[in-house]
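Here the structure is laid out as structure tokens; the discussion comes afterwards.
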Ligand SMILES: Nc1ncnc2c1ncn2[C@@H]1O[C@H](COP(=O)(O)OP(=O)(O)O)[C@@H](O)[C@H]1O
Ligand SMILES: [Mg+2]
């Protein structure tokens, strides 16, 4: 029993190692998707530089689409959020109170602490995720005139007055505030579909991206944004993919080699069974079912360990650094499957090879 | 009378470079059915070698071995494996068991098929061998004597024609050794039991004892004659190949 402990322990550690590495690597993509999640709820259409508003003909075109539900006038200021790939600007939308409530509900978010910004005041509501990312609480400054790198900075400090909970990262102030404080900032349109399903919004976003005059407007559709960012991060993805591959390869191979040592130690049991007449195929089947039980238990334990540790580290270490991770990432656990496979293959190879060269008598004679 | 197991002039030669060691030399014996047979002799006299050849664990360098009509001295490995599984049972000096499996599962390894019937049969052996309460324990939880009894049960699972036991008591204390021997000898109601040992006390109940020396058969003796010879000199009436 205690001879199986090292192998079981290695399986747990290997599963943890691979699953956590893959989860952390996937954090880039999860970050990208989370930051742009709001474009699955509405599609911003912004005028090209030099214009304060989207061209009226284009506006008419948007309103004429049968899918269109609301076309919301908006102007934004920007604040920075932290990500693994550096600070990126995030928009705080200035829309009417009614539209704000509509958009928040559409994103399945709701106000869980504080209140909504008052009309015309330098105030904002932000998602929980943003609050954690920036370590902000009610009353803190979200954006200030001295911020560096913001696309559009504010003339006065904007304070957090409310926190939203829900899946969609977003931030809102009041239309009166942006209108007064940022009179020269271009107004964009936030377009929503009649159907509330995000797939419909994404499809419609693609349609707007493809059909609206690209000289007049720029469409921030979910797919185009994600594609842009992914391609600009391509080399980081590649490096991470290589790290991933190497870790999986090395760990699986080492687990396999340990399985080889383990079964080499136990070859006498199998040799004696071969002496009493069990065929090699039966013995191999026994080794496989044994490793199957062992790896299954080890794998489940590894998954639990990984999930627990990542869940604890998520709030303490990752999110404050802008790394969004999902401890329940099924993809990450799928990448740990080479471990049991490798262990089983090595077990079979060990037993086949050793038994074929071993005279059971030498084991029986051993004192 | 047809014998269960016969050998004709079997020899086993180990080549050590250019030196040849005869572990067995022209051994011709006949072993009848349903007997408790002992094999005795000094260390290195070829007892184990003989047992391995009789049981199909080794092939002789020369000569013939037959189980009834079936001659298997030159058969391929696969056939010998099947022979061992279907016709023979084994108990070795070390009670090797699969460490991961319970006593019951280890015993079932000796069964030809895994039917409910096999489980029932194993159950009766556990009862008969006095280890019923151990069936769900792992080998690491058993004592040496208990493990050896599990091995005896495993050896009986396929209703073998012959159970071969090479020094089955050597790693046990006297009481446990005696117990294992008694359990083995009781099998002569159903088949032949061949026990190799260097301890004459273990063979007091044997039907016949084959004496080995320097790789050659010295013939058969009875336990009584052996006991007598042990107290006097070593001259026993020897010579026949049949007990
Ligand atoms: N693998 C081997 N290689 C060389 N010589 C061996 C080997 N196995 C046994 N022998 C020799 O064969 C002889 C008989 O051995 P064995 O059958 O084990 O005797 P016993 O069981 O009576 O002690 C001994 O002289 C021993 O040294
Ligand atoms: Mg021996």
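Protein chains in written order, with this note's numbering: chain A, 124 to 490; chain B, 466 to 708. Quick reminder that beta carbons are idealized off the backbone N, C-alpha and C, glycines included. Please read all numbers here as calculations on a predicted model, not as lab measurements.
**Request:** For the region 321-354 of chain A, list the alpha helix (DSSP H) runs that are entirely contained and at least 4 residues long, ordered along the chain.
**Result:** Every alpha helix (DSSP H) stretch that sits fully inside the region 321-354 of chain A and reaches 4 residues is listed by chain position as 321-334.
**Request:** Starting from residue 477 of chain A, follow the alpha helix (DSSP H) in both directions and report where the run begins and ends.
**Result:** Run containing residue 477 of chain A: 461-480, per the alpha helix (DSSP H) assignment.
**Request:** Tell me whether residue 631 of chain B is buried or exposed, calling it buried when 16 or more other Cβ atoms sit within 10 Å of its Cβ.
**Result:** Flag for residue 631 of chain B reads buried.
**Message:** Looking at the secondary structure, which residues open and close the alpha helix (DSSP H) in which residue 175 of chain A lies?
**Reply:** Looking at the DSSP string, residue 175 of chain A is not in any alpha helix (DSSP H), and its letter there is neither H nor E.
**Message:** Between residue 508 of chain B and ligand 1, is there a pair consisting of the residue's CB and a ligand heavy atom that are separated by less than 7 Å?
**Reply:** Yes - ligand 1 has a heavy atom lying nearer than 7 Å to the Cβ of residue 508 of chain B.
**Prompt:** Helix, strand or coil: which one does DSSP assign to residue 416 of chain A?
**Reply:** Here residue 416 of chain A carries a helix assignment [DSSP, helix/strand/coil].
**Message:** Measuring only from the beta carbon, is residue 512 of chain B closer than 7 Å to any heavy atom that is part of ligand 2?
**Reply:** Yes.
**Prompt:** Do you know how far the Cα of residue 291 of chain A is from the Cα of residue 248 of chain A?
**Reply:** Those two C-alpha atoms are separated by around 13 Å.
**Message:** Looking only at its chain, what residues have a beta carbon closer than 8 Å to the beta carbon of residue 124 of chain A, apart from the 5 residues adjacent to it on each side?
**Reply:** Confidence is the limiting factor: at residue 124 of chain A the pLDDT is only 49, short of 50, which leaves the residue's position unreliable, though a coordinate-based value still follows. Hits under 8 Å: none found.
**Asked** Under 8 Å between C-beta atoms, does residue 391 of chain A make it to chain B?
**Response** With 8 Å as the cut-off, residue 391 of chain A counts as an interface residue toward chain B.
**Item:** residue 432 of chain A to residue 581 of chain B span [Cα, whole Å]
**Value:** A straight line joining the alpha-carbon of residue 432 of chain A with that of residue 581 of chain B spans about 46 Å.
**Request:** Express the C-alpha separation of residue 330 of chain A and residue 320 of chain A in angstroms, rounding to a whole number.
**Result:** Each residue's Cα considered, the two are about 16 Å apart.
**Message:** Using 8 Å as the threshold, is the C-beta distance between residue 168 of chain A and residue 298 of chain A below it?
**Reply:** For residue 168 of chain A and residue 298 of chain A, no; Cβs fall outside 8 Å.
**Prompt:** So does residue 634 of chain B have its beta carbon nearer than 7 Å to some heavy atom of ligand 1?
**Reply:** Here the distance from the Cβ of residue 634 of chain B to the nearest heavy atom of ligand 1 is not below 7 Å.
**Request:** Could you name the residues of chain A that residue 517 of chain B contacts, counting a contact when the two beta carbons are closer than 9 Å?
**Result:** Those within 9 Å of residue 517 of chain B in chain A are 484, 487.
**Request:** Using alpha carbons as the reference points, say which of A/131, A/149, A/362 lies closest to residue 457 of chain A.
**Result:** Relative to residue 457 of chain A, the option among A/131, A/149, A/362 whose CA is nearest is A/149.
**Message:** Buried or exposed, going by whether 16 or more other CB atoms sit within 10 Å of the CB of residue 392 of chain A?
**Reply:** Around the Cβ of residue 392 of chain A, a 10 Å sphere holds 16 or more other Cβ atoms; the residue is buried.
**Prompt:** With residue 528 of chain B and residue 472 of chain B assumed to form a contact (beta carbons below 8 Å), what rounded beta-carbon distance in angstroms separates them?
**Reply:** About 6 Å separates the beta carbons of residue 528 of chain B and residue 472 of chain B, which is inside the 8 Å limit, making them a contact pair.
**Asked** Where does residue 684 of chain B fall in DSSP's three states?
**Response** Of the three classes helix, strand and coil, the one that applies to residue 684 of chain B here is strand, per DSSP.
**Message:** On a Cα-Cα basis, can you pick out the residue from B/568, B/590, B/624 that is closest to residue 552 of chain B?
**Reply:** Closest in alpha carbon position to residue 552 of chain B, among B/568, B/590, B/624, is B/624.
**residue 676 of chain B at chain A interface by Cβ criterion, 8 Å** = At a cut-off of 8 Å between C-beta atoms, residue 676 of chain B does not count as an interface residue with respect to chain A.
**Item:** Opening and closing residue of the alpha helix (DSSP H) in which residue 650 of chain B lies
**Value:** Start and end: 639-650.
**Asked** According to DSSP, which residues form a beta bridge with residue 675 of chain B?
**Response** Its beta-bridge partners are B/504, B/685.
**Request:** State the Cα-Cα distance for the pair residue 132 of chain A and residue 488 of chain A, rounded to the nearest angstrom.
**Result:** Counting only the Cα atoms, residue 488 of chain A lies some 33 Å from residue 132 of chain A.
**Prompt:** Is residue 294 of chain A closer than 8 Å to residue 345 of chain A when the C-beta atoms are compared?
**Reply:** Cβ distance not < 8 Å, so residue 345 of chain A and residue 294 of chain A don't count as in contact.
**Best match in A/452, A/421, A/414, A/427 for proximity to residue 473 of chain A [C-alpha to C-alpha]** = Closest by C-alpha distance to residue 473 of chain A, out of A/452, A/421, A/414, A/427, is A/414.
**Message:** In this structure, how does DSSP classify residue 368 of chain A when only helix, strand and coil are distinguished?
**Reply:** Judged by DSSP in its simplified three-state form, residue 368 of chain A adopts helix.
**Item:** Any C-beta of chain B under 8 Å from that of residue 421 of chain A
**Value:** The Cβ of residue 421 of chain A sits no closer than 8 Å to any Cβ of chain B.
**Request:** Name the two residues that bound the continuous beta strand (DSSP E) containing residue 212 of chain A.
**Result:** For residue 212 of chain A, the enclosing beta strand (DSSP E) begins and ends at 209-218.
**Asked** Roughly how many angstroms separate the alpha carbons of residue 642 of chain B and residue 634 of chain B, rounded to a whole number?
**Response** Within the model, the alpha-carbon separation for residue 642 of chain B versus residue 634 of chain B is close to 5 Å.
**Prompt:** Under 7 Å Cβ-Cβ, which residues of chain A neighbour residue 575 of chain B?
**Reply:** By Cβ distance, chain A contributes 399.
**Item:** residue 156 of chain A, DSSP secondary structure in three states
**Value:** If DSSP states are grouped into helix, strand and coil, residue 156 of chain A belongs with the helices.
**Asked** What residues in its chain sit with their C-beta under 7 Å from that of residue 705 of chain B, if we drop five residues either side in the sequence?
**Response** Sequence-distant partners of residue 705 of chain B (beyond 5 residues in either direction) whose C-beta falls short of 7 Å from its own C-beta, in its chain, are 684, 685.
**Prompt:** Would residue 232 of chain A pass as a contact of residue 285 of chain A if the rule is Cβ separation under 8 Å?
**Reply:** No, these two residues do not count as a Cβ contact at 8 Å.
**Item:** residue 493 of chain B and residue 474 of chain B closer than 8 Å at C-beta
**Value:** Contact flag set, yes.
**Request:** Identify the contact partners of residue 561 of chain B in chain A, using a Cβ-Cβ distance below 7 Å as the criterion.
**Result:** Ordered by position in chain A, the residues that pass the 7 Å Cβ test against residue 561 of chain B are 391, 392, 395.
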